[in-house]
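Before any comments, here is the structure.
Numbering (the working numbering), first residue to last: 378 to 601.
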């Protein structure tokens with residue numbers, strides 16, 4: 378399936394934003410339920426700061442400067458602190474997170490980024506297989522040309538195959554999109570379910586042993 382909206386292929390932000398938007402759509406189709414906790418906290422901080430600023434403005438407009446003066450300094454301090462907390466949350470807690478959710482195969486959190494003038498999609502994935510309490514982290518990357526046509530159209534299938542092939546909990550939920558060189562079908566799910574406390578590299582090595590050809594260190598699959 379291809380996107381009907383054409384983007385500028387030379388715009389790195391358009392490439393990234395379009396890919397980011399495709400992530401939740403794909404994972405929702407696999408019955409992952411999005412977790413909005415981080416977004417909710419950010420919204421609470423932001424709206425609280427806006428409410429304080431709005432309330433002070435209204436009080437000043439309604440009753441005048443003399444009446445509102447005792448509340449101005451505390452309101453300004455509170456607004457400054459809330460905006461500092463907002464910035465910290467956005468840059469250091471969310472840290473580029475574009476999706477966090479949970480499905481039958483486990484939990485997954487995905488943060489994306491790009492480097493200036495380099496058309497490569499960089500993804501940090503934290504996942505916890507179902508039945509495990511030990512989150513694991515992997516870094517994967519791929520050029521945008523893998524799922525964008527030369528004239529700027531997004532093609533969902535290669536993007537879905539890449540994500541399912543690189544992220545164990547996604548591959549287990551969508552085995553049909555796991556490409557041959559890193560295991561197909563129920564084998565990927567079996568390895569994930571039996572993984573227990575193993576690391577992501579161990580899981581990928583087991584997938585490789587079952588018929589895979591994957592570089593666990595780089596997070597990039599080799600073409601057949």
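Note that beta-carbon positions come from the ideal geometry of N, C-alpha and C, so glycine has one too.
- Here the alpha carbons of residue 446 and residue 515 stand approximately 53 Å from one another.
- Annotation: the region 441–522 contains the following complete segments of the beta strand (DSSP E) (minimum length 3 residues), in chain order: 474–480, 483–492, 495–506 and 513–520.
- In the three-state scheme derived from DSSP, where H, G and I count as helix and E and B as strand, residue 536 is classed as helix.
- Spanning the alpha carbons of residue 476 and residue 420 requires a straight line of approximately 16 Å.
- Boundaries cannot be given for residue 529, as no alpha helix (DSSP H) includes it and DSSP labels it neither H nor E.
- Taking 9 Å as the cut-off, the beta carbon of residue 555 is found no closer than this to the beta carbon of residue 485.
- Look at residue 383 here: in three-state DSSP terms it is coil, with no helix or strand label.
- Spanning the alpha carbons of residue 481 and residue 404 requires a straight line of approximately 12 Å.
- In the three-state scheme derived from DSSP, where H, G and I count as helix and E and B as strand, residue 414 is classed as helix.
- Under the three-state reduction of DSSP output, residue 408 falls in the coil class, being neither helix nor strand.
- Boundaries of the alpha helix (DSSP H) around residue 547: 545–550.
- For residue 495, the closest of 511, 521, 428 and 534 by C-alpha to C-alpha distance is 521.
- Proximity to residue 448 across 541, 500 and 437 peaks at 437, based on C-alpha coordinates.
- About 6 Å separates the CB atoms of residue 539 and residue 523; that is less than 8 Å, so the two are in contact.
- Three or more beta-carbon pairs drawn from the region 425–432 and the region 448–457 are found closer than 8 Å, and the two stretches are therefore classed as touching.
- Inter-residue distance for residue 460 and residue 386 is about 35 Å (C-alpha atoms, whole angstroms).
- When C-alpha distances from residue 537 are compared across 388, 442, 391 and 407, the shortest belongs to 407.
- Separation of residue 551 and residue 541 (C-alpha to C-alpha, rounded to the nearest whole angstrom) is 7 Å.
- Residue 384 places its beta carbon less than 9 Å from that of residue 531.
- Inclusion of residue 483 and residue 507 in the CB contact set at 9 Å is warranted, their separation being smaller than that value.
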